[in-house]
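Okay, so here's the structure we're looking at.
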Amino acid sequence: MTHNELANALLQACQRRGIMLATAESCTGGMIIAALTDIAGSSAVIDRGFITYSNEAKMDMLGVSAATLGAHGAVSRETAIEMAAGALARSRA
């Protein structure tokens, strides 16, 4: 399955279920939200995308704690969980 096919399948599944999406990205630099929003009609299920490359952006935009970043680093399961929770709390997803 290509990236475009995968993005299309995700958008269709979300639309069928009435689910809105928000993304929280760091080192991908917005490539995930770009792949999704490149598809016509994606606005029906995409609410917003957060691109938080720096630790400061993760804290300011998504509420990731400095303690988590200090203890586990930016590229960690713990930080990813806080990023996802922050995106959900700050969107209609």
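Here this note's numbering runs 73 ahead of the position in the sequence shown, where the first position is 1. Just so it is clear, CB atoms sit at the ideal spot from N, CA and C, and this is done for glycine as well.
Between the segment 120-140 and the segment 156-165 there are three or more C-beta pairs closer than 8 Å, enough to call the two in contact. Residue pairing of R163 in beta bridges, as defined by DSSP: absent, with no partner found. For G143, the secondary structure class from DSSP, reduced to helix, strand or coil, is helix. For D120, the secondary structure class from DSSP, reduced to helix, strand or coil, is strand. Under the Cβ criterion (8 Å, minimum of three pairs), the segment 104-116 counts as touching the segment 74-83.
By the neighbour-count criterion, in which a residue is buried when 16 or more other Cβ atoms sit within 10 angstroms of its Cβ, A140 is exposed. In the structure shown, the three-state DSSP call for T75 is coil.
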